[in-house]
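Student: Reading the sequence shown from the start, the letters are residues 19 to 68 in the numbering used here.
One structure follows; several queries about it will come next.
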Amino acid sequence: MYMGIGAFIVFLSCVLTMLDIVPELRGIALYGLTSIGVGLAFLGAYYVFE
């Protein structure tokens with residue numbers, strides 16, 4: 019479940035960065051959401067392989 023949520027957040031971050039609707043929030047979408055998504059994906063992988 020965590021891996022799926024993390025993958026969705028990373029995908030959403032990618033889409034928001036490519037659309038660039040609000041240029042001032044590009045850094046938050048690119049770095050903030052990606053970091054959260056990758057963290058959740060790794061947490062899910064940890065639980066799977068534990």
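Yeah, the Cβ is synthetic: ideal placement off N, Cα and C, and Gly gets one too.
When the distance is taken between beta carbons, is residue 24 closer than 9 Å to residue 56?
Tutor: Counting from 1 along the sequence shown, the entry for residue 56 is found at position 38. Counting from 1 along the sequence shown, the entry for residue 24 is found at position 6. Their beta carbons are under 9 Å apart, which means residue 56 touches residue 24 by this criterion.
Student: For residue 46, name the three-state secondary structure that DSSP assigns.
Tutor: By 1-based counting over the sequence shown, the position of residue 46 is 28. Here residue 46 sits in helix by DSSP.
Student: Which of helix, strand or coil does DSSP assign to residue 27?
Tutor: Residue numbering aside, residue 27 sits at position 9 when the sequence shown is read from its first letter. Helix at residue 27.
Student: What is the DSSP secondary structure of residue 69, counted as helix, strand or coil?
Tutor: Past the edges of the chain, shown from 19 to 68, lies residue 69, and the structure says nothing about it.
Student: Relative to the C-alpha of residue 30, which candidate in 41, 48 and 40 has its C-alpha closest?
Tutor: Here residue 30 is taken as the residue at index 12 of the sequence shown, counted from 1. The candidate whose alpha carbon is nearest that of residue 30 is 48.
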